[in-house]
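In the order they appear, the protein sequences are chains A and B.
Note that the working numbering has the first sequence beginning at 10, numbered continuously upward.
Note that the working numbering has the second sequence beginning at 5, numbered continuously upward.
In this text, a Cβ means the ideal position worked out from N, Cα and C, and glycines have one as well.
Data first, discussion second: the structure below is written as structure tokens.
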Amino acid sequence: MRVWITHHLHSLKIALGRLRASSAASLMSVLVIGVALSLPASLYVLLANAQRAAGNVSVQPEITAFLKLDVDDMAAEQMAQALAKRPDAGAVTFVHRDKGMDKLRKAGLGDVMAGLSSNPLPHAITLAPTGADPERIDRLAAELRQHENVEQVSLDANWSRRLAAILAFGRELVWLLAVSLGIALAAIIGNTIRLQIYAQREEIEVSRLIGATDRFIRRPFLYFGLLQGLVGGLAAWGMVSLLIALLDGSVARVALAYGTRFSLAGLAAQETLILLGLACVLGFTGAYLSVTRTLRHFN
Amino acid sequence: MIEFSEVTKRYPGGHEALANVSLTIAQGELVFLTGHSGAGKSTLLKLMAAIERPTSGQIIVNGQSLGRMKRAALPYFRRNIGLIFQDHKLLYDRSVFDNVLLPLHIQGLTGPDAAKRARAALDKVGLLGRERARPITLSGGEQQRLCIARAIVSRPALMLADEPTANLDDAYAREIMDTFLAFHQVGVTLVISTHDQNLIRRYGGRTLTLANGHLTEGAAESPAGRDAALLTP
Ligand SMILES: Nc1ncnc2c1ncn2[C@@H]1O[C@H](COP(=O)(O)OP(=O)(O)OP(=O)(O)O)[C@@H](O)[C@H]1O
Ligand SMILES: [Mg+2]
Numbered sequence: 010m011r012v013w014i015t016h017h018l019h020s021l022k023i024a025l026g027r028l029r030a031s032s033a034a035s036l037m038s039v040l041v042i043g044v045a046l047s048l049p050a051s052l053y054v055l056l057a058n059a060q061r062a063a064g065n066v067s068v069q070p071e072i073t074a075f076l077k078l079d080v081d082d083m084a085a086e087q088m089a090q091a092l093a094k095r096p097d098a099g100a101v102t103f104v105h106r107d108k109g110m111d112k113l114r115k116a117g118l119g120d121v122m123a124g125l126s127s128n129p130l131p132h133a134i135t136l137a138p139t140g141a142d143p144e145r146i147d148r149l150a151a152e153l154r155q156h157e158n159v160e161q162v163s164l165d166a167n168w169s170r171r172l173a174a175i176l177a178f179g180r181e182l183v184w185l186l187a188v189s190l191g192i193a194l195a196a197i198i199g200n201t202i203r204l205q206i207y208a209q210r211e212e213i214e215v216s217r218l219i220g221a222t223d224r225f226i227r228r229p230f231l232y233f234g235l236l237q238g239l240v241g242g243l244a245a246w247g248m249v250s251l252l253i254a255l256l257d258g259s260v261a262r263v264a265l266a267y268g269t270r271f272s273l274a275g276l277a278a279q280e281t282l283i284l285l286g287l288a289c290v291l292g293f294t295g296a297y298l299s300v301t302r303t304l305r306h307f308n
Numbered sequence: 005m006i007e008f009s010e011v012t013k014r015y016p017g018g019h020e021a022l023a024n025v026s027l028t029i030a031q032g033e034l035v036f037l038t039g040h041s042g043a044g045k046s047t048l049l050k051l052m053a054a055i056e057r058p059t060s061g062q063i064i065v066n067g068q069s070l071g072r073m074k075r076a077a078l079p080y081f082r083r084n085i086g087l088i089f090q091d092h093k094l095l096y097d098r099s100v101f102d103n104v105l106l107p108l109h110i111q112g113l114t115g116p117d118a119a120k121r122a123r124a125a126l127d128k129v130g131l132l133g134r135e136r137a138r139p140i141t142l143s144g145g146e147q148q149r150l151c152i153a154r155a156i157v158s159r160p161a162l163m164l165a166d167e168p169t170a171n172l173d174d175a176y177a178r179e180i181m182d183t184f185l186a187f188h189q190v191g192v193t194l195v196i197s198t199h200d201q202n203l204i205r206r207y208g209g210r211t212l213t214l215a216n217g218h219l220t221e222g223a224a225e226s227p228a229g230r231d232a233a234l235l236t237p
């Protein structure tokens, strides 16, 4: 156990030394790792913010059923009450045709209405189905359309659906980017490790001659990869934070112009840990593959 | 300790460096290996340390058959051997002290214990004052002695030295041989290759002579054979 610990501490020390010794080359690859990791991470953060913004504007879809003109108050209200009992209907509001008129007047369309002798508006029932399962909402709307009292149904879920689709696409893009850049990163780290191994060729040969195991030889390189990944991850975190800080001002100004307040959120502590963890795993994997392959060539 | 039976080594390219060599070296023996340049001395030592594999024949060192040894067992086998290379194989990017520490680190020994042993080894070869120096700043003889310090630091039972006194003047050569002799006296088995006939004459151990890859003299330990060798001019 003690031997095991001293072995690992020793390897870590060697890896740190090498990282310091090859600072220029290491800095370059750390930057490359940082940029590559910050791409999916930034996209992820921006998406999370977009989702939060969309949440503020209420993505709740709304169904409005306009009833036929000959449906009287009583029947309309009964229908609204019946609908309210359905579990999938959500909040049901009955809008009496007079109230509809009021709304129009308040909206500044009173002048248009002034010329009309009677109220041309139908009764309306609005439903705000909870749970944004689009299929269920569609089914509900279709059912309403079939109803004998209903003249027309309007479904204003379209834009929210589009937004949801865009966000879903964005999330897929994050994964795609993360996976492809992750592979590229493992390759980049593997390559720097390969160069390291060639630079240490003599040392490896001598060490083997005097009884070093493959594990002993491999360990400092694995630590080197891990450290490079970690520093790259920190660089990515810095870049994402910088991006958020730069964008936040203008986003807040835009939001203010629309009369709301909105401030961009950066990576949460947990997300930062995941980012750093992934960076370490990538560094380690790249190093492991590279060391295993390159050392095999040495024999 | 070491047993070769009908060992042949052919390098890639077809050159036969050793042909049908059989020999035995007992534990605690001091054996000189001699022969012209290119006779196969280095090759023989490399086979003993399992640095090269024989083309045919069997080699047993320390009771282990090298032909059947698994790759994973090789490092542990090597740790029992002190190797002194013809071309030193020192690491020039680290200090004299760190060069001697390397075998100990490989065996998982660090800290004050390791430092103490490294210093003791450097003391034995008279390099204690040069701990912090880079090997490149040492003279040829000093580098040779550093190589010995690295070989003895892990206290091996078998030492294989390839031309440890080459390029050294007589005084230095004698100093190094005295160091080896001290190890011989505490029971270490030693195989030393050398061109230097004076050295062999002075120390008078058993001598193996190679010529064009053939063992021409000293295959088995026999006092009669040794006497005969001493008598030939
Ligand atoms: N790695 C190798 N590949 C091919 N041929 C080799 C190799 N190593 C040695 N040889 C050949 O094998 C023969 C024996 O070489 P070896 O190094 O054992 O000789 P030596 O007795 O140690 O010579 P010297 O006194 O010059 O060190 C030489 O002819 C050499 O050219
Ligand atoms: Mg030689």
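| Asked | Found |
| --- | --- |
| Which runs of the alpha helix (DSSP H) fall wholly inside the segment 51–98 of chain A and span at least 4 residues, in chain order? | 82–93 |
| Helix, strand or coil: which one does DSSP assign to Gln209/A? | coil |
| Taking the Cβ atom as the reference point for each residue, do Ala161/B and Ala125/B lie within a distance shorter than 8 Å? | no |
| Judging by CA-CA distance, which residue of Asn103/B, Glu56/B and Ser99/B is the nearest neighbour of Ala155/B? | Asn103/B |
| Strictly under 8 Å for the Cβ-Cβ distance: is Ile219/A near chain B by that measure? | yes |
| Alpha carbon to alpha carbon, how far is Pro58/B from Ile85/B? | 19 Å |
| Quick one: which chain A residues come within Cβ less than 8 Å of Thr169/B? | What Thr169/B touches in chain A: nothing, since even the nearest Cβ is about 21 Å away. |
| So which residues put a beta carbon under 6 Å from any heavy atom of ligand 1, going in chain order? | Tyr15/B, Gly17/B, His19/B, Ala21/B, Gly39/B, Ser41/B, Gly42/B, Ala43/B, Gly44/B, Lys45/B, Ser46/B, Thr47/B and Gln90/B |
| Note down, in chain order, every chain A residue with its Cβ under 9 Å from the Cβ of Tyr80/B. | Gly220 and Thr222 |
| At a Cβ threshold of 8 Å, is Glu211/A touching chain B? | yes |
| Going by DSSP, what residues sit across from Glu368/A in a beta bridge? | In the structure as shown, chain A begins at 10 and stops at 308. Residue 368/A is therefore absent and cannot be evaluated. |
| When you compare only the Cα positions, how much space is there between Leu252/A and Asp165/A? | 35 Å |
| Going by DSSP, name the residue or residues bridged to Ile88/B. | Ala165/B |
| Under a three-way DSSP split, which group does Gly61/B fall into? | strand |
| For a test of the three-state rule: what should DSSP assign to Lys74/B, helix, strand or coil? | coil |
| Starting from Leu34/B, follow its DSSP beta bridges and name the residues at the other end. | Leu194/B |
| Is the segment 252–270 of chain A close to the segment 201–217 of chain A, with three or more CB pairs under 8 Å? | no |
| Per DSSP, what kind of secondary structure is Ser259/A in: helix, strand or coil? | helix |
| Mind checking if Val215/A is an interface residue toward chain B, Cβ cutoff 8 Å exclusive? | yes |
| Report, in whole angstroms, the separation of the C-beta atoms of Lys77/A and Pro143/A, which I expect to be a contact under 8 Å. | Not really, about 27 Å apart at Cβ, beyond 8 Å. |
| Report the option in Leu186/A, Ala30/A, Phe225/A and Leu125/A whose CA atom is closest to the CA atom of Tyr80/B. | Phe225/A |
| Out of Arg148/A, Ser272/A, Arg228/A and Asp81/A, which one is the CA nearest neighbour of Gln60/A? | Ser272/A |
| Under a Cβ-count criterion, where at least 16 other Cβ atoms within 10 Å of its own Cβ denotes burial, should Tyr15/B be classed as buried or exposed? | exposed |
| Against chain B, which members of the segment 228–240 of chain A pass a CB distance test of less than 9 Å? | none |
| Nearest chain A C-beta to Gly208/B closer than 8 Å, yes or no? | no |
| Under a CB-based cut-off of 8 Å, is Thr301/A close to chain B? | no |
| Checking contacts by CB at 8 Å: is Phe225/A closer than that to chain B? | yes |
| Check for me: the beta strand (DSSP E) holding Glu280/A runs from which residue to which? | Taken as a continuous stretch (DSSP letters only), Glu280/A belongs to no beta strand (DSSP E), being part of the alpha helix (DSSP H) at Ala278 to His306. |
| The alpha helix (DSSP H) with Lys120/B in it runs from where to where? | Gly115 to Lys128 |
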